[in-house]
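Take a look at the structure set out below.
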Amino acid sequence: MTQRSKGSSVRIKTPPTVSERAQRLLKMLVEHYLHDGAPVGSKTIAEQSMIKISSATVRSVMADLEEKGLVVSPHTSAGKIPTEQGLRFFVDSLISIEPPNRTAEVKLQNSLYQESSPSEMIQSASKVLADISSLVGLVTTPRPGQVALRQIQFLRLAKNKVLAIIVVNEREVQNRVIFTEQTYSEVDLNQAANYINSEFAGMSLVNIRNQVVQSMKEDQEQVNQLMQVALEVASKSFETDNELEHDCIVTGERNLFDKVKSATEIQAILDAFQSKSSIVDLLDRCIDSDGTQLFIGTETGYAQLDDYALISTQYRVDGEIAGAIGVIGPTCMPYQKMIPLVEVTAMHLGRALKQSQS
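Using the numbering used here, count along the sequence shown one by one with no gaps and you end on 475.
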């Protein structure tokens, strides 16, 4: 995916000075545009404004806003639409967040709390978010550094072939077939598993792997037979996190098909979702920041996402950041509705994941 230097994820660097009256009219214009997706005329704003104002005055204010780079006139219409900078000014300074939709929240609860495993909950959160928003739902799985070992068990399959059964994050089970340099008995493997569980249970797989590698570099004469077995099978089991790698669950791509202008745009956005690297990068930036993050158009840093916006926030389990959740859609999405939807979904996903661990 074509990537530019990453822009600001939250605010424009130098917000223009806009009068109170101009802010009111800009807010009206943006809200109309987000609702209808079409240019807004001065007459419409004048007729629906809460202040007494003529169409001529509205046109004058809009001309000033256009000079400031906040609105623009599409060549096919006399009306105005907000620019990317205008949308950023709106979400930073003018937006009126709507309370979470109760019906949507009930649907979230019914979906998330019925799932039995964390992976199913994450899948469900992405799907229900896409269904409710009619956009694309995104949820990252925990980073490898956030995946903690609960228990490990080894089963001898053949002479130098061992099955490692790894339980992480309370209930997630991963099976890995490893090939050892030496042949170990069931007794050797059981003792090795007991040692690993006593020494490393509760630690992240990344930290376990680092400690095992460091131990293997130490003087082998200082390492007893039990530790030699344990270190070899542990190093083989944790040498890669492919099965547990940081990923992003993407649901609802088809929701964008009727919102794009050409087959080329459809292919570009599908490529972005298929590679996932750009999406994971954006969501990781959210994980590393505080609060809800918005990327509008070119702020994403990826050319294929220039016509799209992403809203994301962290989800937490027992107070600890576990991942990020969000929606992606056209820049004319209803931000005032999508922001609380993403936030309430994050809250319920975190609660459901915590409940699954108890």
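All C-beta atoms, glycine included, are put in the ideal place defined by N, C-alpha and C.
Predicted model, so just to flag it, every value in this text is computed and none were measured.
Which whole-angstrom value is the C-beta distance of residue i and residue j, which I expect to be below 8 Å?
i, j, result
"L246", "V444", "6 Å"
"Y150", "I212", "With a Cβ gap of about 13 Å, Y150 and I212 do not count as contacting."
"G550", "A439", "Outside the displayed span of the chain (118 to 475) sits residue 550, for which this structure offers no information."
"A242", "I442", "6 Å"
"L272", "V461", "Wrong, their Cβ atoms sit about 43 Å apart, outside the cutoff."
"E349", "E298", "7 Å"
"Y425", "P447", "6 Å"
"L182", "L143", "6 Å"
"Q472", "I214", "Between I214 and Q472 the Cβ distance is about 27 Å, and since that is not below 8 Å, they are no contact."
Alpha carbon to alpha carbon, what distance is there between residue j and residue i?
i, j, result
"Q421", "I386", "6 Å"
"D358", "P156", "Legend: pLDDT at D358 = 49, less than 50; position of this residue unreliable, value from coordinates given subsequently. Looking at the two C-alpha atoms, the distance is approximately 49 Å."
"L361", "I168", "The predicted position of L361 is uncertain, since its pLDDT is 48 and thus under 50; a value taken from the coordinates is nonetheless stated next. If you take the alpha carbons of L361 and I168, they lie about 57 Å apart."
"S354", "L255", "30 Å"
"Q345", "A310", "12 Å"
"N227", "H465", "10 Å"
"Q308", "S236", "31 Å"
"A281", "V323", "17 Å"
"D248", "L146", "28 Å"
"P451", "T220", "18 Å"
"V208", "T174", "25 Å"
"V459", "S352", "39 Å"
"E92", "V135", "Since the displayed the chain opens at 118 and closes at 475, residue 92 lies outside it and no answer follows."
"V285", "R326", "14 Å"
"S392", "E137", "44 Å"
"Y301", "N292", "19 Å"
"F317", "L266", "7 Å"
"F412", "K160", "31 Å"
"V178", "E437", "47 Å"
"S315", "V264", "17 Å"
"S210", "S166", "19 Å"
"D423", "S250", "20 Å"
"V223", "Q431", "21 Å"
To which residues of the same chain is residue i closer than 7 Å at the C-beta, ignoring the five residues directly before and after it?
i, result
"Q240", "I366"
"E370", "V253, L387, F390"
"S172", "S159, K160, A163"
Tell me where the alpha helix (DSSP H) around residue i begins and ends.
i, result
"A221", "219-229"
"G203", "201-206"
"S234", "From DSSP, S234 is part of no alpha helix (DSSP H); its letter is neither H nor E."
"K160", "159-165"
"T381", "380-392"
"Q410", "No alpha helix (DSSP H) holds Q410; the beta strand (DSSP E) holding it covers 410-413."
"A180", "172-184"
"D209", "It is not in any alpha helix (DSSP H) - D209 carries neither H nor E in the DSSP assignment."
Would residue i be called buried (16 or more neighbouring beta carbons within 10 Å of its own) or exposed?
i, result
"E201", "buried"
"L274", "exposed"
"H152", "exposed"
"F296", "exposed"
"H192", "exposed"
"G154", "exposed"
"A180", "exposed"
"F206", "buried"
"S379", "exposed"
"Q339", "In this prediction, Q339 has a pLDDT of 48, which is less than 50 and means its spatial position is unreliable; nothing more can be read from the coordinates."
"S125", "Summary for S125: the model assigns pLDDT 38, below 50, so the residue's position carries little reliability; its value from the coordinates is reported in the next sentence. S125 should be labelled exposed."
"V188", "buried"
"V279", "buried"
"V304", "exposed"
"G203", "buried"
Residue i lies in the beta strand (DSSP E); which residues open and close that run?
i, result
"N292", "289-296"
"P447", "437-447"
"Q268", "266-275"
"S429", "425-434"
"L252", "That residue, L252, is in no beta strand (DSSP E); it is neither H nor E in DSSP."
"T368", "365-368"
"K285", "Rather than Lys, the amino acid found at residue 285 in this sequence is Val. First-last of the beta strand (DSSP E) with V285: 278-285."
Please go through the same chain and pick out, in chain order, the residues whose beta-carbon is closer than 6 Å to the beta-carbon of residue i, but skip the five residues on each side of it.
i, result
"S100", "Residue 100 lies beyond the stretch modelled for the chain, which goes from 118 to 475, so this question has no answer here."
"K185", "P133"
"V377", "I383"
"G196", "P156, V157, G158"
"I170", "A163"
Could you pull out every residue in the same chain whose Cβ sits closer than 8 Å to the Cβ of residue i, ignoring the five residues on either side in sequence?
i, result
"D405", "none"
"T257", "H363, D364, C365, I366, V397, L400, D401, I404, G440, A441, I442"
"L306", "F271, L272, R273, V279, V346, V350"
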